[in-house]
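Numbering (this note's numbering), first residue to last: 11 to 100. Below is one structure, written out as structure tokens; the observations come after it.
Quick look at the structure:
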């Protein structure tokens with residue numbers, strides 16, 4: 011068993027966003043907009059589900075040592091506290 015790669019949270023975020031844009035987005039948008047995408051930034055594998063917890067659990071079943079980054083398909087953020095649309099444009 012290999013030791014999981016340690017990263018700063020900022021590096022995990024950068025890699026997660028990069029992997030989503032380069033490898034995943036075109037496969038999940040627009041057909042699954044609003045669903046949650048859990049990305050293992052180490053393996054670049056991902057899982058999609060109706061909740062953050064379900065997506066992360068599915069991914070960790072395959073990769074117990076996953077370094078998980080969560081995205082919401084079609085959105086710039088997982089959620090918000092107030093006004094303004096989080097939907098991606100373009």
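A virtual CB, placed ideally from N, CA and C, is assigned to each residue, including glycine. On a predicted model such as this, the values are computed, not experimentally measured, just so you know.
Less than 8 Å between the beta carbons of residue i and residue j, yes or no?
| i | j | result |
| --- | --- | --- |
| residue 79 | residue 38 | no |
| residue 29 | residue 45 | no |
| residue 60 | residue 72 | no |
| residue 62 | residue 88 | yes |
Once you ignore the five residues that flank residue i on each side, which residues in its own chain have a CB closer than 7 Å to its CB?
| i | result |
| --- | --- |
| residue 35 | none |
Classify residue i as helix, strand or coil using the three-state DSSP reduction.
| i | result |
| --- | --- |
| residue 135 | The requested residue 135 is not part of the displayed model; the chain covers only 11 to 100. |
| residue 35 | helix |
| residue 11 | In this prediction, residue 11 scores a pLDDT of 49, lower than 50, which makes its location untrustworthy; no coordinate-derived value is stated. |
| residue 24 | helix |
| residue 66 | helix |
| residue 9 | In this structure the chain extends from 11 to 100, so residue 9 is not present and cannot be described. |
| residue 42 | coil |
| residue 86 | coil |
Roughly how far, in whole angstroms, is the beta-carbon of residue i from the beta-carbon of residue j, given that I think they are within contact range, below 8 Å?
| i | j | result |
| --- | --- | --- |
| residue 49 | residue 26 | 5 Å |
| residue 77 | residue 24 | Between residue 24 and residue 77 the Cβ distance is about 12 Å, and since that is not below 8 Å, they are no contact. |
| residue 65 | residue 47 | 6 Å |
Which same chain residues end up closer than 8 Å to residue i when comparing Cβ atoms and leaving out the 5 residues on each side of it in sequence?
| i | result |
| --- | --- |
| residue 40 | 84 |
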